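Just so you know, we're using our numbering here: the sequence shown kicks off at 3 and counts up by one.
Positions of the beta carbon are idealized from the N, C-alpha and C atoms, including for glycine.
These figures come from a predicted structure and were not determined experimentally.
One structure is given below, encoded as structure tokens.
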Amino acid sequence: MAVPGRPGNWFSHKRHPFPRVPSHEQPTARNAVDGQEVFQITHPFHPLFGREFVLIERRNAWGEERVYFHDDSGRVRRLTAAWTNAVAPDPFERVSAGRSHFRVDHLLHLVALIARQDEAKGALKASPRSRKVSSK
Numbered sequence: 003m004a005v006p007g008r009p010g011n012w013f014s015h016k017r018h019p020f021p022r023v024p025s026h027e028q029p030t031a032r033n034a035v036d037g038q039e040v041f042q043i044t045h046p047f048h049p050l051f052g053r054e055f056v057l058i059e060r061r062n063a064w065g066e067e068r069v070y071f072h073d074d075s076g077r078v079r080r081l082t083a084a085w086t087n088a089v090a091p092d093p094f095e096r097v098s099a100g101r102s103h104f105r106v107d108h109l110l111h112l113v114a115l116i117a118r119q120d121e122a123k124g125a126l127k128a129s130p131r132s133r134k135v136s137s138k
């Protein structure tokens with residue numbers, strides 16, 4: 003029987019489309035009173051920034067890891083795990099120690115987007131446009 007509020011029980015009847023990547027680190031903290039895992043929202047622009055919640059489950063959804071928790075009204079909410087301390091710190095962030103505003107993979111993604119945009123503009127310029135010539 004499932005125990006409410008314990009990781010691994012919520013949505014356990016559904017198959018996970020993406021395999022979970024095992025982590026060797028445990029970034030969430032155990033509550034000293036009841037042993038439940040808690041996490042903190044660390045994204046500086048999130049309205050719940052700094053708040054701690056009990057982790058219901060951690061799973062991969064829509065191509066990224068998400069955490070599930072109960073909000074103040076008791077509703078189940080989900081949030082990308084990257085916006086919390088529920089994931090291990092990114093190696094790049096650990097090495098850069100806050101000195102870099104951009105991650106390499108994000109910059110490479112930006113370069114690819116700009117290249118695609120340039121290709122699309124080039125294709126528009128190269129395509130013949132049908133224009134009606136005025137006889138005036």
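Two segments are said to touch when three or more pairs of C-beta atoms, one from each, lie closer than 8 Å; by this definition the region 84 to 92 touches the region 47 to 66.
Counting the other CB atoms within 10 Å of its CB gives residue 39 a total of 16 or more, which places it among the buried residues.
Residue burial is scored here from C-beta neighbours: residue 109 has fewer than 16 other C-beta atoms within 10 angstroms and is therefore classed as exposed.
Here the alpha carbon of residue 88 sits roughly 11 Å from the alpha carbon of residue 54. Residue burial is scored here from C-beta neighbours: residue 61 has at least 16 other C-beta atoms within 10 angstroms and is therefore classed as buried. In the DSSP annotation of this structure, residue 38 is not part of any alpha helix (DSSP H), being labelled neither H nor E. If you draw a straight line from the Cα of residue 113 to the Cα of residue 120, it is about 10 Å long. As DSSP reads the structure, residue 63 sits in a beta bridge with 66. Rounded to the nearest whole angstrom, the C-alpha separation of residue 50 and residue 124 is 44 Å. Burial check for residue 71: the Cβ neighbour count within 10 Å reaches 16 or more, so the residue is buried. By the neighbour-count definition (other C-beta atoms within 10 Å, threshold 16), residue 41 is a buried residue. Comparing alpha carbon positions, the residue from 91, 56 and 90 closest to residue 74 is 56.
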